[in-house]
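Its first residue numbered 11, the sequence shown is counted upward by one per residue in our numbering. Note that the Cβ used here is the ideal one computed from N, Cα and C, for glycine as well. Report on the following structure.
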Amino acid sequence: MIQYNPEQVYPRLCTVLELSVHGFVYPIFKNASSSLEQLAVNKHVVNRSFDKSTELVTVFWREAQTRFNSGVNTYIELNQQLDEDTLVSLIERGELVDRHFMPQYMWLCHLYKNYTGQIHILSLDDLKISVHKNASTRYYDYVAPTHWINLDNIIYKKFVNTTTNLTEINQYIKDTQKVLYKKCIAQD
């Protein structure tokens, strides 16, 4: 199980954006979330009043290592007052978790705290928008915790262009990747 402080990792409110082209979209940090927010025609807080089961929500998924590198670069840009070598060491060992570079899977868990419906997972490459807000100006590669990358890439390979839910994803990982399941998902 990945250890983290949810109050520092997740936004206070879980939101789903309504876009004229893609319908309901759940924004994941470093997956064009700022651009999606700018294009949204409406913003819904996922809570008791949000229709938890009948709305299909699209989630744009990004190749894991590329997203990790982008997220770490942004995190370091935003925290220039901290020692970069220390940050990189903590991040690469998986001891520092932040919304900019944590596994996309953790974002799904955040959505499913109050949502019970289906999600349609698309590759970020399928998002054709001309807006690119908050792009990092740093371009360094980092060594991501292997289990983070493996988890997101398994979901990418198996579930992109499908409609599914968190229970099905968890079951697939449990059935096909027992060690990864125990390390990242199991609540034991």
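Pairing Asp151 with Leu190, the inter-Cα distance amounts to about 24 Å. In this structure, Ile139 sits away from Val67, with a CB-CB distance that is not shorter than 7 Å.
Along the segment 87-144, the beta strand (DSSP E) occurs as fully enclosed runs of 3 or more residues at 129-133, listed in sequence order. Three or more beta-carbon pairs separated by less than 8 Å are not found between the segment 104-112 and the segment 159-168, which leaves the two stretches without contact. Put simply, the backbone Cα of Thr156 is about 19 Å away from that of Tyr182.
A Cβ-Cβ distance of about 6 Å is found for the pair Ala50 and Leu29, placing them in contact under the 8 Å criterion.
The C-alpha of Asn79 lies about 8 Å from the C-alpha of Val153.
Sequence-distant Cβ neighbours of Ile38 in its own chain, meaning closer than 6 Å and more than five residues away, are Gln114 and Trp117. Only exposed fits Lys53, as fewer than 16 other CB atoms lie within 10 angstroms of its CB. In this structure, the CA atom of Phe169 is about 6 Å from the CA atom of Ile131. In the assembly as shown, Tyr149 is an exposed residue. Its beta-carbon has fewer than 16 other beta-carbons within 10 Å.
Between the alpha carbons of Leu23 and Thr174 lies a distance of about 23 Å.
Judged by DSSP secondary structure, Tyr36 falls within the beta strand (DSSP E) whose first and last residues are Gly33 to Tyr36. Under the DSSP assignment, Phe70 falls in the beta strand (DSSP E) whose first and last residues are Val67 to Trp71.
With 16 or more other CB atoms across the displayed protein chains lying within 10 angstroms of its CB, Asn160 is buried.
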